[in-house]
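Top line first, the protein sequences correspond to chains A and B. If you read the first sequence in the numbering used here, its first letter stands for residue 63, the second for the next number, and so on. If you read the second sequence in the numbering used here, its first letter stands for residue 63, the second for the next number, and so on.
Protein chains: 2
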Amino acid sequence: MKKRINLTLAFICLSVIMTMAQNLKSFTLEDLIPGGSNYYNCSIKNLYGVQWWGNQCILPDVEEVKVINPKNGKESVLFTLEDINKGLETSTVKLRKMRALYDVRFPESERPIVMLMQPEYIVFLNFETKQVERLIALNKGAANVEVSPNHQAAAYTIGDALYVSRNENASQTTLLSPEFANPETAPKDHDLVYGQAVHRNEFGIMGGIFWSPKGNRLAYYRMDQSMVTDYPQVNIDTRIATLEPDKYPMAGMTSHKVTVCVYDMNSGKTVTLQAGDPTDRYFTNVSWAPDEEKIYVIELNRDQNHAQLVRYNAADGAREAVIYEETHPKYVEPQHPLTFLPWDSSKFIYQSQRDGFNHLYVYKTDGTLVKQITTGNWLVQSIVGFNEKKKEVIITSTEISPMQSNTYAVNVNTGKKRPVGNSEGVHSVQLSADGNYLIDNYSTPEIPRNIDIVATSNSKVTKNLFTAEDPWKGFNVPEIETGTIKAGDGKTDLYYRLIKPVNFDPNKKYPAIIYVYGGPHAQMLSNNFRYAARGWDIYMAQLGYVMLTVDNRGSENRGLEFENCTFRQLGTEEMKDQMEGVKLLKSLPYVDANRLGVHGWSFGGFMTTNLMLTHPDVFKVAVAGGPVIDWKYYEVMYGERYMDTPESNSEGYKNADLKQKAGNLKGRLELIIGGNDPTCVPQHTLSFIRACIDKGTHPDLFIYPGQGHNMVGRDRVHLHEHITRYFEDFLK
Amino acid sequence: MKKRINLTLAFICLSVIMTMAQNLKSFTLEDLIPGGSNYYNCSIKNLYGVQWWGNQCILPDVEEVKVINPKNGKESVLFTLEDINKGLETSTVKLRKMRALYDVRFPESERPIVMLMQPEYIVFLNFETKQVERLIALNKGAANVEVSPNHQAAAYTIGDALYVSRNENASQTTLLSPEFANPETAPKDHDLVYGQAVHRNEFGIMGGIFWSPKGNRLAYYRMDQSMVTDYPQVNIDTRIATLEPDKYPMAGMTSHKVTVCVYDMNSGKTVTLQAGDPTDRYFTNVSWAPDEEKIYVIELNRDQNHAQLVRYNAADGAREAVIYEETHPKYVEPQHPLTFLPWDSSKFIYQSQRDGFNHLYVYKTDGTLVKQITTGNWLVQSIVGFNEKKKEVIITSTEISPMQSNTYAVNVNTGKKRPVGNSEGVHSVQLSADGNYLIDNYSTPEIPRNIDIVATSNSKVTKNLFTAEDPWKGFNVPEIETGTIKAGDGKTDLYYRLIKPVNFDPNKKYPAIIYVYGGPHAQMLSNNFRYAARGWDIYMAQLGYVMLTVDNRGSENRGLEFENCTFRQLGTEEMKDQMEGVKLLKSLPYVDANRLGVHGWSFGGFMTTNLMLTHPDVFKVAVAGGPVIDWKYYEVMYGERYMDTPESNSEGYKNADLKQKAGNLKGRLELIIGGNDPTCVPQHTLSFIRACIDKGTHPDLFIYPGQGHNMVGRDRVHLHEHITRYFEDFLK
C-alpha cells in the first residue's frame, strides 16, 4: 500500500512529485553524482558552522560571525575576520592568518572565546579583547586531536602513537604510548595502535580518546593487533608495485586485543582498566562519571550476545562492579555511552533495545533501574540534550514514522513526552545550553531544507535561518512516489520508493532496475526531500528506466525484530522482501518484466549478486559493487554479530556463500570493486570470479585501482558512467 | 602479393583451402581450444616417443617397444611391458611397475639399456638380460633432473638447492649449495637459486645444470637475487589471501647476479668461474670442451651490445681467454652454445647473426676463424647433428622460405650444402648416431603430419612411420589463404594469413578481426598444415568474421635487420605494418571497414592496445590479453635488449607507454589478465585502467584469478568464450 499524504488524492499514487516536462533541462551525471563538475550546484544548500554559543545562536561566514538572539531573532555581528587576524598577531609565536570564519568553534559557553585549529597550534582567542589567550602546540602529523573540556590540553595521535600537549611548547609534549619512545624498536605495521577507534568502528565507536568531564583524566584505547593476520593489499603506484599489509581479522579468526588506559594529568601516572579474562572481548562506549572518579565501559563477549556495563575506579583501574547486564539469544549491540543527568550525577540514561526498540532507561550508578522513560513500537534515534530546569531530555525518534526523525522533549521524572517542532520530515537538531531553543535543520518530501530556531517550550519558530531552493529547479525531474508493500513474511510493512521515467507514458513498456542496499544500520528512503531519491536513480529514470528501492527487513529504524530476523542467514529474508518488490514491478502495466535489473553496493552488492544467482530467470542484468561474497572473508565484529562464526554456523555461511551459486548465472552480472578495498577485501570478488570460471559461467568485472570500498572524487562519476553503460548495453 | 603454389590458378587466391559446406559439422570452442573436451580429437595426431637408439629407430607404445631398421624399414618387437616389469622385480629395492612404455629412453647407443624415471629412482635396466643394472636415488621433490652422460650420477634441484646423487642410497646424496645445509638459516624467498635457468630464460637458457661430456664435472648456475625487488603477487585461495613475493627485476632496476660453478665428481671440490667485474652481466650458453678441461661461456654486458666468448679452466675456474667478441650498435643476442666437431675437438661451430642472419662459423679453440660455412639471406634454425664420416653438419634452415623449415647437410670442410628430404613445409627432425638417417616429422599446408625415415644420402623415404589424418574432416572449415603485402617501409615483404567466413558470400559485408602478436622470436604463420591457422580464428570465421594475421617487422625467421628495426621504439614500426594489413582488409569488397577488431596476447596485447589507442577511428573493438603497457614494468633482460633502460631511452619508453594514450580510447577495449601473471605483472594492466579512469575513458577488464601469463586448462576455453562474447556484443 502506498503512503497517503493527501486524502483528496486516489490511494494509488498519493505521494507523487510532478514536474512539467516542457522546456526543462536534462541531467548529466556531472549534475547528479558527487565528484561531478556541477554536483555542488545541483545539491541542496546548507548553512555551514551554525551552532550554539551557550544560549546564543552563532552564524559564521567568510568575513564575519553573527550572533542571533533566539528569543527575538535579532542578529548582530559578533566579530569580523579582521578582528580575528588582528588578534592572531598578538601572539608571541607566528600564527597563520585565517581566510574564512566557517571553522570557528566556541568552547566556553560563558566566555567570548573562539577556538581555531591551525596546523601547529590550537589557538584560544578572546574576541572581545582581541588577544590570544592560550596556545596548545601540535606536532607534525597530529591527527584525532581532542581538546580537553577545560581547554588546558589536547590529546592526539601521530601514526599509531598517542601524545598529550599542554602548552605552546611542542617539545614538552608527553608520549602516552611508551612502546613508541624509541623509533628503532617502535612497533611496525599497525601491530600496536593507541588512541584510535578500535573494533573496526563497530558498537558506535568513533574514536579512541576520552577526556574526563573536567579534563583531569584522559582515557584511551590501546589496541594490540600483532596477532591479527594481514590482508595483502598492493599499491601499484610505486615504481614496482609494493605490498601494503592491512590488519584484517576475518570472522572466526584471531582478533585484536583492546585495553582501556587512564592517564592522570596531575600525577602523570597511567593505569590500565583491570578488565580480566577473556581478553577477546569488545570494550565499547567508554563513559566518564561526572566526578571523574569512575569510568564505565560496556563490555561485550566475542559471541556478542552478552553485554555488561562495568564500573571501574579511574584512579587505580580496579574493576568495581557490573552495573547492568543484557543478553539476547541472537545478539546485543550496545551503541550508546551513558548519559548522566545534569542535575543528578547519581543517575544516568542507558539506551537499550531490550524491549525490541531503542529506548531510554534511567539507572542509578549502583545499577538500580529507576524507570524506563520512553516506550512504544518506535525508537529513540538520539539524545540531543537536556532542559535542566524542566528536567527534560530532548530526543529525536521515529515515533511519527520510521521514515521520519522528529524531536521530542521527555520529562525524565514523569516520562511525559511532548513533540517539539513540526511533525513532518527528517530533523537534525542542536540544542541550546539551557535547552530552550533548537537549531532545527530539516527537510520534507516537499521542502529541500529549512533551518529554523525553534522554542522547545511551544515549538514556535522564532527565526528562519535558512531556506534552501530546489537545486533541480528547471530540470526535468521524474515522478517519485513512495508507499508500502508487505514483506516476504506476509505481514510486515516495507517502504518503497518508485521513480518513473521522465515524460512517462503509461502505455509504454519500460525496463526497471531495483537499487538495493538491504543491510543493517541503513535506510535507503525516508521522508526528506524527494524521499532521498539518489542522483543515479534520477539519471536512469531520465534514460527511460523505472527505478525501485525497497527497505527490506534487516534495515534500520524499524526495531530489533525487524533487523534480527536475518540472524545467521544473511540474505535469505532480505531477498524474500526484495522479491516482493519484483512482484510490485510486475504488477505495473508499464514495466517490462523481461527487462529487470538490479544494482547495489557493499551489502547491496551482496544482495544484488545473490538475487541474480538465486533468481536467474527474473533478473536480466545486475551490477554489484564492492560485494560481500563469502561472510568468512568479512571482519569479526560485524560478521560474527549477524552470522556467528564459520565454525559455529557452517550451514549459514555455506548458504550465504555466493560462490556456491556461481553456476546459476544466466544473465549479465558485473562486479565492480576498488582495487584496494579494505572493507570488502578483493578476495570476495576475485574468489567469486574464480568460482564462476570454474563453473563455466560468465560474469563481468571492473576494478578501480587504488580505490577503497567506495569510489570517491571523479572516480565516482566514472563509476556511474560505467554502471549506466552496462545497463544500456544489456538491459535497454 | 599472395603466395603461388599452383601456377594454373589465378594469382589473386592461389593458396586457398576449400571445403564443401553441405552436411558439414560446425565447430565449438570445445573442439578448437586447448583444454576443450573434444580438443584432442580435433588435434593433429603425432607419434609419442619415437627416437633413435644409436642407428636404430625406436617406436614405443603402451605394451611394447618396436625397433625399426632404417635401411629397409623392417620392424620387430624389442621388448614388452611384461619384460620391463619382470626386470624391475629383480631390483633389491621396491620399484614401481610401469603402465606404459612411452617414456622409455635409450641412453647408450651401443648397449641394450633403457632408462626409466620413477619418483624415487632413475632406473637403468638391461632389456636383454631383464636385469636392473643400476639405480640412482632421487630425494622427494627432485626437479630439473639431469643424468650425467656416463649415467653414473644425476644432478637435480629441490626447492632452490642443488644435489648430486651417485647411487641408490638417497642418504649419500651430496648437497652442492652449502647455504642450504642448515634449514633454519637457509636463504628464503628465492634469494639464492642453484641449478636452475637464470636471466629469466632469455639467451636460449633452458636450465642450470651442465654435465661435462664424460660426466666427470658438473657446471651449474648460482643466482643471487637477494638484491632484486619483489613483485607482490597475492594468492586468494588461502583462508585469508596471502602474499607470494616474486623476484622481478624491472628494466633499469637492480638485477640479480649469476655465477657459474664447477663441481669435480672425483675430488668433490667446487670452483667458481673467475668472471670478474662487472658482476651485472649475462652468463649464457655454457659449453663444455670435449676433454672436460675447459668450459666456455658467452658473456654479455648489461647493455646487451657486446658479447664475449670466454674460455675458462674447469679445474680452477681461471679465466683464460676471450676467444671471440661481437658488438652491435643495437644488440647482440647469443642463443646457441658451441658445437664441437665430433672429429676434431680443436674446432667448434659458433652461431652468429653478425652478417644479418644466423649462420654457422667454424672456429679453432684459440679463437681463429676457420671459415663461415653457411651464408645467404636466410637463417640457420638449428644444428641437428653430424654425419661424422662425411664431415657434414645437418641443419634446418629457412633457405626455401621464411615460412618453412627444411633440412640440409652442409660439408664442414667445403661448405657444400645439399637438401635432405622434401622442399615443402615445416620439418622437425632427429638424426641417427651415424648421421645416415633422419626421423623426419613434417607438415605442409596440405599435409597434417607425416613422419618418415629418410636417408640423408639421397633423401629417399625408407619407411613411413606415421601419416596423420585431417582432424577437421567432416567440419565446415573456412577458406584459408596466405600471401604477402609490403611493410610500412614500402619495400619489405610481409606474410599474411586471411581466413574467410564459412559459407562465404562475396556480396556480403563481414566484420574483420586482426589477430596479432608482432613481437620478436615468434611467427604466427608458416607453411605447416593450414598455415598454422589458430583454432579461435577458425571459430570466429564460422561466426562470420574475416580473420587476418600479419607477421610484422620485428618477428621471427626474417633476419636481424627485419627484427631490430624496432630497437628503442617497440610498437612503432610494428604498428605501421599492421596498418598495411588494415589497408588489405579495406581493399576487400566483402569487409565492412566500419567493423574492424583486433586481438592479441602478451606482446600482441601491447600491439592490440596500442593499435586501438593510436588508430581510434580505425578499430571499433579490441581485446588485449596480458599486455605490456609500460616497458619499464617489464623485466631487465628482454626489456633492455629492445628498449635500453628507462633512463637511457626516456623518449622511447614514453612513446611506448600506453598510459600516455589512455585518453584516446573511443571504441570498446577489453584487457584480460591472469591475476598472478608473473611475466606481464598485473601492474601493467591495472595502471592502464587507472590512467583511463583518470582520463575519463572506458575500457573493460577481466581477470582470471590464480592464472599466470597464459590461461591453461579449462580456463582457456572459458577465456575464448569470453573473448568471443566481447566481439559478438560489440562488433557484430
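Even for Gly, the Cβ is constructed at its ideal location relative to N, Cα and C.
Here A/Leu431 is exposed, its C-beta having fewer than 16 other C-beta atoms within 10 Å. The beta carbons of B/Ser105 and B/Asn538 sit no closer together than 7 angstroms. The beta-bridge partner set that DSSP reports for A/Asp679 is empty. About 5 angstroms separates the beta carbon of A/Val194 from that of A/Leu187, a gap short enough to meet the 8 angstroms contact definition. Chain-order list of chain A residues neighbouring B/Pro294: Pro294, Val296, Ala303, Thr304, Leu305, by C-beta distance under 8 angstroms.
The straight-line gap separating the alpha-carbon atoms of A/Asn589 and A/Glu388 is approximately 33 angstroms. Remark: C-beta atoms of A/Gly277 and A/Gln214 approach each other more closely than 7 angstroms.
The three-state reading of DSSP puts B/Leu720 in helix, counting H, G and I together. Annotation for A/Tyr788: the continuous alpha helix (DSSP H) segment containing it runs 776-792. Bounds of the beta strand (DSSP E) holding A/Thr544 are 542-548. Sequence-distant Cβ neighbours of B/Ser239 in its own chain, meaning closer than 6 angstroms and more than five residues away, are Ala223, Leu224, Tyr256. In this structure, the CA atom of B/Ile501 is about 6 angstroms from the CA atom of B/Leu493. In this structure A/Asp123 is not in contact with A/Leu178, their Cβ atoms being roughly 15 angstroms apart against a cut-off of 8 angstroms. When C-beta distances to chain A are compared with 9 angstroms, every residue of the segment 706-724 of chain B stays at or above that value. Secondary structure of B/Lys319 (DSSP, three-state): strand. When the Cα atoms are used, B/Asn520 and B/Ile456 turn out to be separated by approximately 14 angstroms. Across the segment 764-775 of chain B, CB contacts with chain A closer than 7 angstroms involve Phe764, Ile765, Tyr766, Pro767, Gly768, in sequence order along the chain. The DSSP-derived three-state label of B/Phe665 is helix.
Relative to B/Pro761, the option among B/Gly687, B/Thr707, B/Arg167 whose CA is nearest is B/Gly687. For A/Leu650, the closest Cβ of chain B is not nearer than 7 angstroms. Counting only Cβ-Cβ distances below 8 angstroms, B/Asp739 has no contacts in chain A at all, with the closest Cβ about 12 angstroms away.
Put simply, the backbone Cα of A/Gly606 is about 12 angstroms away from that of A/Trp598.
With a minimum length of 4 residues, the unbroken runs of alpha helix (DSSP H) contained wholly in the segment 548-621 of chain B fall at 597-604. At a cut-off of 4 residues, the continuous stretches assigned as alpha helix (DSSP H) that sit fully inside the segment 133-195 of chain A are 143-151. Sequence-distant partners of B/His746 (beyond 5 residues in either direction) whose C-beta falls short of 7 angstroms from its own C-beta, in its chain, are Pro689, Val690, Ile691, Asp692, Tyr695. Contacts with chain B (Cβ-Cβ distance below 9 angstroms) from the segment 315-331 of chain A involve Met315, listed in chain order.
Residues Gly483, Leu500, Asp502, Val523 of the same chain have their beta carbon placed closer than 6 angstroms to that of A/Val516, with the five preceding and five following residues left out of the count.
With contacts defined by Cβ atoms closer than 7 angstroms, B/Thr476 and B/Ile445 do not form a contacting pair. Runs of the beta strand (DSSP E) lying entirely within the segment 281-348 of chain B and spanning at least 3 residues, in chain order: 292-297, 304-309, 319-326, 332-334. Residue contact check for B/Asp777 against chain A: a CB pair falls below 7 angstroms.
Taking the Cα positions, A/Tyr558 is about 10 angstroms away from A/Ile542. DSSP places B/Ser407 in the uninterrupted beta strand (DSSP E) bounded by 406-414.
Residue pairing for A/Gly659: DSSP places it in a beta bridge opposite A/Ile575, A/Val683. Looking at the DSSP output, A/Cys119 bridges to A/Trp114, A/Ile130. In this model, A/Tyr572 and B/Lys562 are separated by some 41 angstroms (Cα to Cα). Taking 7 angstroms as the CB threshold, B/Ser288 stays off the interface with chain A.
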